[in-house]
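Novice:
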Amino acid sequence: MAVVVQEHAPDFTALTDREREVLLLLATGEQNRRLARRLGIAERTVRAHTASIVRKLALTSRFEAAIVSHLYADDIRGARG
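Anchor point for the sequence shown: position 21 equals 21 in UniProt numbering, and the numbering is continuous, going up by one each time.
(1) Helix, strand or coil: which one does DSSP assign to H8?
(2) Once DSSP output is grouped into helix, strand and coil, what is the label at S52?
(3) Who are the near neighbours of A66 in its chain, counting only those whose CB is closer than 6 Å to its CB and skipping five residues on each side?
(4) Below 8 Å on the Cβ atoms is my contact criterion, and I expect T13 with A79 to pass it. Report the Cβ-Cβ distance as a whole number of Å.
(5) Quick one: is A36 buried, meaning 16 or more other Cβ sit within 10 Å of its Cβ, or exposed?
(6) Would a C-beta distance cut-off of 8 Å place K56 and L24 closer than the cut-off?
(7) Taking the straight line between their C-alpha atoms, what separation do you get for A51 and R62?
(8) Quick one: Cα of I41 to Cα of I53, how far?
Here you go:
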């Protein structure tokens, strides 16, 4: 699987606070069920947030979102929508 890293950081301000929180946790590689427990939300909600993140950032997969999260963690933390 090829992953294309964007030349500039994506616009993380397009994400909600919760989506940014989920995005940061995607870098841990944990499954949705575990992320849901950590956040105190339903697993289905984690899946919905992940789908929204992928769409809003024009990514192709959860895996790519995890890589973006790892590469741009400081930018994600500093973004405010």
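All C-beta atoms in this analysis are idealised placements derived from N, C-alpha and C, irrespective of residue type, glycine included. Quantities reported herein were computed from a predicted structural model and do not represent experimental measurements.
Specialist: The short version:
(1) coil
(2) helix
(3) L26 and A27
(4) 5 Å
(5) buried
(6) no
(7) 8 Å
(8) 17 Å
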